[in-house]
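A.B. asks:
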Amino acid sequence: MKRFLIRAVIIIGIMATAIWFSLFKNNFNKENPKKITKTAEYKTKEKIEKPKNEQTKKAIAEALEIYKEKPVYSQSKRMLDGYVDCSSYVWRCWSKAGISFGQEDYAPTAAEIARWCRENNRLLSMKTVNGHSEKLEPGDLIFYTKRKGNNGRFKNIAHVGIYIGNGKMLHADGASPSYQDPWYRKTAAVARPAGIAERER
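Its first residue numbered 9, the sequence shown is counted upward by one per residue in the numbering used here.
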């Protein structure tokens, strides 16, 4: 009888623990949905939104490939293997897709890339797109003004990144290419290198 009671107590204890853990887990998931799904969500960002054409697909694939290689940020060594800056990064991405922004052998500055986009009718209307990620498409280039002062370049542009979809862009700004919100600083222009519809200009 004593053994039976001991076994019963143990079984009840195990069942109670299992029920408590199940309830705790469900409540934790409800209260912290972002914490539970953030990692999986982040890992699949580049797979969710598909580019609309082959050129853009190649540019995005190259952007992700360079990102994985983790090249070192350097303006002076920007054209050497293993090094990159903001404009050489997007230039390499789009050169892979056949668009080199007028320079086949050397990456233009971010400002000159934006100027080329304007001269070739690739700039989007800032009135409708600025601050609205849902109006961006993978492969779009976002140009940013100099943080302080004027650099004398086209639209005072000092930085550029490439939009990859789902509210994120990749850019070279710091140690190596990284993800960033496309509206993290003042925007000067947005371009669609593969071409845009008349209504979007």
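Don't be surprised by glycine CBs; every beta carbon is placed ideally from N, CA and C.
State the CB to CB distance for the pair Pro-190 and Cys-125, rounded to an integer number of angstroms; the pair is presumed to be in contact (CB under 8 Å).
C.D. replies: At roughly 16 Å, the Cβ-Cβ gap does not stay under 8 Å, so Pro-190 and Cys-125 are not in contact.
A.B. asks: Based on the DSSP secondary-structure assignment, which residues constitute the bridge partners of Met-177?
C.D. replies: Answer is Tyr-171 and Gln-188, bridged to Met-177.
A.B. asks: Can you find the residues in the same chain that come closer than 8 Å, C-beta to C-beta, to Ala-183, ignoring five residues on each side of it along the sequence?
C.D. replies: Excluding residues within five positions, the ones whose Cβ falls inside 8 Å are Val-80 and Tyr-81.
A.B. asks: Suppose you measure from the CA of Leu-144 to the CA of Lys-85; what does that come to, to the nearest Å?
C.D. replies: For Leu-144 and Lys-85, the distance between alpha carbons rounds to 31 Å.
A.B. asks: With a 10 Å radius around its C-beta and 16 neighbouring C-beta atoms as the bar for buried, classify Glu-142 as buried or exposed.
C.D. replies: With fewer than 16 other Cβ atoms within 10 Å, it is exposed.
A.B. asks: Grouping DSSP H, G and I as helix and E and B as strand, with all else coil, what is Lys-55?
C.D. replies: Because the pLDDT of Lys-55 is 47, which lies under 50, any placement of that residue in the model is unreliable, and the number read from its coordinates should be weighed accordingly. Helix, per DSSP.
A.B. asks: Is it buried or exposed for Arg-155, if we count other Cβ within 10 angstroms and need 16 for buried?
C.D. replies: Classification of Arg-155: exposed, given that the 10 Å Cβ count is below 16.
A.B. asks: Which residue spans inside the segment 102-148 form an unbroken beta strand (DSSP E) run of at least 3?
C.D. replies: Runs found: none.
A.B. asks: Under the rule that 16 or more other beta-carbon atoms within 10 Å means buried, what is Glu-70, buried or exposed?
C.D. replies: Result: buried.
A.B. asks: Whole alpha helix (DSSP H) runs in the segment 67-108 with 4 or more residues, listed along the chain?
C.D. replies: As far as the segment 67-108 is concerned, its whole alpha helix (DSSP H) runs of at least 4 residues are 94-103.
A.B. asks: Is it buried or exposed for Ile-204, if we count other Cβ within 10 angstroms and need 16 for buried?
C.D. replies: Per the 10 Å Cβ criterion, buried.
A.B. asks: Could you give the DSSP three-state label for Arg-200: helix, strand or coil?
C.D. replies: Coil, per DSSP.
A.B. asks: Identify every residue that forms a DSSP beta bridge with Thr-64.
C.D. replies: Paired residues: none, contrary to the question.
A.B. asks: With distances taken Cα to Cα, identify the nearest neighbour of Ser-95 among Val-168, Arg-123, Lys-135 and Gly-110.
C.D. replies: Ranking Val-168, Arg-123, Lys-135 and Gly-110 by Cα distance to Ser-95 puts Val-168 first.
A.B. asks: Leaving aside the five residues before and after Tyr-187 along the sequence, list all residues of the same chain whose C-beta is less than 7 Å from its C-beta, in chain order.
C.D. replies: The answer, listed in chain order, is Lys-176 and Leu-178.
A.B. asks: If contacts are defined as beta-carbon pairs under 8 Å, then Thr-153 and Ile-165 qualify, I think. What distance do you get, rounded to the angstrom?
C.D. replies: About 6 Å separates the two Cβ atoms, so the contact holds.
A.B. asks: How about Gly-139 and Thr-195: are their beta carbons less than 9 Å apart?
C.D. replies: Yes, Cβ-Cβ distance for Gly-139 and Thr-195 is below 9 Å.
A.B. asks: Could you check whether the segment 130-137 touches the segment 110-118, counting it as contact only if at least three pairs of C-beta atoms, one from each stretch, sit closer than 8 Å?
C.D. replies: Too few Cβ pairs lie closer than 8 Å, so no.
A.B. asks: Please classify Lys-58 as buried or exposed, where buried requires at least 16 other C-beta atoms within 10 Å of its C-beta.
C.D. replies: Exposed, because fewer than 16 other Cβ atoms sit within 10 Å of the Cβ of Lys-58.
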